[in-house]
Amino acid sequence: MLPEAVHQQTHSPSLAHHFDNLEQQREAATLGMWAFLVTEILFFGGLFTVYMIYRSMYPQAFAAASHELVIWAGTTNTAVLITSSLTMALAVHAAQTGNRRLLVTLLIVTIALGCVFLGIKAFEYYTEWVEHHVPGLNYAFEPEYYRNAQIFFSLYFVMTGLHALHMIIGIGIMLFMLWWSIRGVITTEYYNPIEIAGLYWHFVDIVWIFLFPLLYLIGRHAHV
Amino acid sequence: MASSTVLTPPHHYLNDGVGIKSWLLTRDHKRIALLYLAGVTFFFFIGGAMATLIRIELITPAGDLVSDETYNKLFTMHGVMMVFFFLIPAIPAVLGNFLVPIMIGAKDLAFPKLNLASWYIYMLGGLFTLYAVVAGGLDTGWTFYTPFSTVASTSNVIPAAVGIFITGFSSILTGLNFIVTIHRMRAPGMTWFRMPLFLWSTYATSLINVLGTPVIAITLLLVAAERIFHFGFFDPRVGGDPVLFQHLFWFYSHPAVYIMVLPAMGVVSELVAAGCRKPVFGYAFVAFASLAIAVLGFLVWGHHLFVAGESVYSAMIFSILSFLVAIPSAVKVFNWTATMYKGSVSWETPMLYAYGFIGLFTVGGLTGLFLAAIGVDVHVTDTYFIIAHFHYIMVGGTIMGYLGGLHFWWPKISGRLYNEGLAKIAAGIIFIGFNLTFFPQFIVGYLGMPRRYHAYPPEFQVLNVLSSAGASILAVGYLLPMIYLMWSLRYGKLAGSNPWGAVGLEWTTTSPPPTENFVTTPVVTWDAYQYDAQQVEGHVA
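Read top to bottom, the protein sequences are chains E and A.
The opening position of the first sequence corresponds to residue 27 in my numbering, with each subsequent residue numbered one higher.
The opening position of the second sequence corresponds to residue 84 in my numbering, with each subsequent residue numbered one higher.
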């Protein structure tokens, strides 16, 4: 079948002019998001490399600094994020099956959980500030690890800060998806935006799944 | 040259919408290519102005024209502008943007809005970096080595680093767009092994862009954070390791060399096939050589650290891996040469650039082998030998490929022919000027003249004067195409759809192409470069 013919047959308002059909458009968008996530892996990968090298250079200082983090906040946030991934996955299903009311509800819950995560994260940052754990700006630490623990806290703020930035962008995307869902742009024929927004959301979640043990858990009990 | 009497069609992408808004808000990949053409040309001449001042300073051994600090800023800004704002985007963003959809028979790239956004991101990054120049310059070298860049330098590191960080996203998003387009938008019958080789090399380049650029982005972000907040990442005072910065920097910046030269290799494959009227010898080898270069290119960054405190075992492994990259590069050179063998070799302008590329790239590549050998590298590290080597790759390779491609596809882009005589003269001037500029630098570097100094011992003066004389010839060579290409826009003869008698989908549509590229979507039933089958004009009825 010639592509022109396909174009005529399935002309839908959701189809951009340069694609032949919705299937091609969907595949392109999905592949585009996966390629973007590969970029993101390398972006965070650079940070993880730096972290692992310094962790192996200064294990005791890192354990001591890690011990100072608010473990209950990190743990709660892990649970919050995993739950938000569940509601996101369910939202994709709701979009596929055309259940608009459920889709809207699930997107709102996902956004709310994202906000809870950021709130707890802000509380943690505040705690670190009060406890003088911010290198360069407001910093004090036990003399033995004073120098090397700065690397840990610097990495902590950059890694969690970039993760939080991704969460904020994710919430922005979800608000956009919510608007589209309410307006009825999302249909059973054209639910791909929800699907690829979900891919992004899960990715940000997975980054946290790696950050949490690296920053909060490893060597926690080694340091008394 | 096949003269065609086909008139320019009344409607094409250049007259589909008039006024500045129709350009600044366009989503047409062809117009975005021209926006990039304006951008890269602008930054090229800024970088070129810096180079001019450097070469004038180096005519005399004494540092008399500029102070040492100003000189540091000149070579830094020359490197930053040329690498990040000209060489990396030049071929992919200008020729790639224009050609990728047309060569595969698509109407546009997969994500046209993202494509336009990429251009704005590129320009925004460029403005940040320009601000760093205007506000007093940057003196770290284009490599931003720590701890100088984080602790010692008082120049504008932050705006420059932020500018490069931003521009990186333009490379990433363009790469992503090309990857998705090549995977998903090919016309019926356009299989992977029917694609022109330019697309294979663009694809390999895009892979490097997507995989490498985020690493330089995060690295420069860490440098900026260290400067702004006094965080400690690479600062030895808190136990940070400056050599780690070098590893991260070169993890991107070595593959970036292949981002610059792979697209030029793709262009040369097209030029050689069209110029010799033959299929490229060993199509699959050339295609896979592009991918092999992309993969191996990620495994050789350590050869920039032979004298930086790297263990002898890693140095040995990086040395061996660096030698390996020569294999796919040599495959390409041999295959182009084999293509010319018994071909009806043309002496038209694009082909002159292809000859130039093959010769100069070979010199650059072979001297690269000297540098992969640890013993030689230790001797010539940070000398003009290095400068000459990478200019042979980046200027002799990338710019020759870029100009060759620009001349080859200019009739398609503009619908007009340029003055062939002037173009041939310019190509000759560039080739002579380039060699006169950079060949003496091999010698002066081998004799021990270090890079990055504004003064030097008097015994090096003769070679430096030769080099500066060459640079002035080269400058004339670069200005000429600016003039006659602009001139051709108004006064050039109409090109017709296929002025070279070349095969390839881009030559089957009109010049300039209509906004949707093809009136009807082409169906491809032939392999690339079917010159023997002579489907030259009009294989789409």
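We treat Cβ as the ideally placed atom computed from N, Cα and C, and that holds for glycine.
Remember, it's a predicted structure, so these values are computed and weren't measured experimentally.
Range of the contiguous alpha helix (DSSP H) that encloses residue 321 (chain A): It is not in any alpha helix (DSSP H) - residue 321 (chain A) carries neither H nor E in the DSSP assignment.
Residue 439 (chain A) lies in the alpha helix (DSSP H); which residues open and close that run? 432-455
Do the stretch 341-357 of chain A and the stretch 449-456 of chain A make contact, defined as three or more Cβ pairs closer than 8 Å? no
Does residue 170 (chain A) have its Cβ less than 7 Å from a Cβ in chain E? no
Which one of E:54, E:93 and E:63 has the shortest CA to CA distance from residue 168 (chain E)? E:93
For a contact meaning CB atoms closer than 7 Å, what does residue 459 (chain A) contact in chain E? Result: empty, since nearest Cβ-Cβ is about 30 Å, beyond 7 Å.
Measuring only the C-alpha atoms, how far is residue 573 (chain A) from residue 103 (chain A)? 19 Å
Using the three-state DSSP reduction, which class does residue 499 (chain A) fall into: helix, strand or coil? strand
Since residue 509 (chain A) and residue 564 (chain A) are thought to touch, with beta carbons under 8 Å apart, how far apart are those beta carbons, to the nearest angstrom? 5 Å
Rounded to the nearest angstrom, how far is the Cβ of residue 471 (chain A) from that of residue 134 (chain A), given a contact under 8 Å? Residue 471 (chain A) to residue 134 (chain A), Cβ: 14 Å. No contact.
Helix or strand or just coil, what does DSSP make of residue 422 (chain A)? helix
Applying the criterion that 16 or more other CB atoms from any shown protein chain within 10 Å of the CB defines a buried residue, is residue 154 (chain E) buried or exposed? buried
Have a look at E:78, E:43 and E:40 and flag the residue whose alpha-carbon is nearest the alpha-carbon of residue 244 (chain E). E:78
Same chain, Cβ closer than 6 Å to residue 199 (chain E), five either side skipped, listed in chain order: 223
Where the stretch 169-193 of chain A meets chain E: residues whose CB sits under 9 Å from a CB there: 184, 189, 190, 191, 192 and 193
Which residues does DSSP pair with residue 160 (chain E) in a beta bridge? E:164
Which residues in the same chain have their Cβ closer than 8 Å to the Cβ of residue 43 (chain E), if we skip the five residues on either side of it in sequence? none
What are the boundary residues of the alpha helix (DSSP H) that includes residue 543 (chain A)? Premise fails: residue 543 (chain A) is in no alpha helix (DSSP H) and is neither H nor E.
Give, in chain order, every unbroken run of the alpha helix (DSSP H) that is at least 4 residues long and sits entirely within the stretch 155-210 of chain A. 180-186
Would you mind working out which of A:249, A:137 and A:414 sits nearest residue 297 (chain A), comparing C-alpha positions? A:249
In or out: residue 31 (chain E) buried (at least 16 other Cβ within 10 Å) or exposed? With a pLDDT of only 45 at residue 31 (chain E), under 50, the local geometry of the prediction cannot be trusted, and the value read off the model is given with reservation. By the 10 Å Cβ count, residue 31 (chain E) comes out exposed.
Closest by C-alpha distance to residue 537 (chain A), when choosing among A:145, A:106, A:101 and A:107: A:145
Coarse secondary structure for residue 388 (chain A), derived from DSSP in three states: coil
Any C-beta of chain A sitting closer than 7 Å to the C-beta of residue 180 (chain E)? yes
If you count every other CB in all the chains shown that lies within 10 Å of the CB of residue 589 (chain A), and 16 or more means buried, which is it? buried
Among the candidates A:587, A:594 and A:330, whose CA atom is the shortest distance from the CA of residue 579 (chain A)? A:594
Give, in chain order, every residue of the stretch 266-300 of chain A whose Cβ lies closer than 8 Å to some Cβ of chain E. 266, 267, 268, 270, 271, 293, 294, 295, 296, 297, 298 and 300
Contact check, residue 102 (chain E) vs residue 136 (chain E) under 8 Å by CB: the rounded distance? No, residue 102 (chain E) and residue 136 (chain E) are not in contact; Cβ-Cβ is about 17 Å, not under 8 Å.
Does the beta carbon of residue 108 (chain A) come closer than 7 Å to any beta carbon on chain E? no
Inspect the beta-carbon positions of residue 308 (chain A) and residue 76 (chain E) and report whether they are closer than 7 Å. no
Taking the C-alpha atoms as reference points, what is the distance between residue 422 (chain A) and residue 406 (chain A)? 25 Å
Between the stretch 283-290 of chain A and the stretch 362-373 of chain A, do at least 3 Cβ pairs fall closer than 8 Å? yes
So, helix, strand or coil for residue 85 (chain A), using DSSP? Low per-residue confidence applies at residue 85 (chain A): pLDDT is 42, beneath 50, and the placement is therefore not dependable enough to give any value.
Hey, could you find the ends of the alpha helix (DSSP H) residue 91 (chain E) is sitting in? 85-93
Through-space distance from residue 105 (chain A) to residue 47 (chain E), alpha-carbon basis: 27 Å
Quick one: measure Cβ to Cβ for residue 96 (chain A) and residue 596 (chain A), integer angstroms, because I've assumed they're closer than 8 Å. 6 Å
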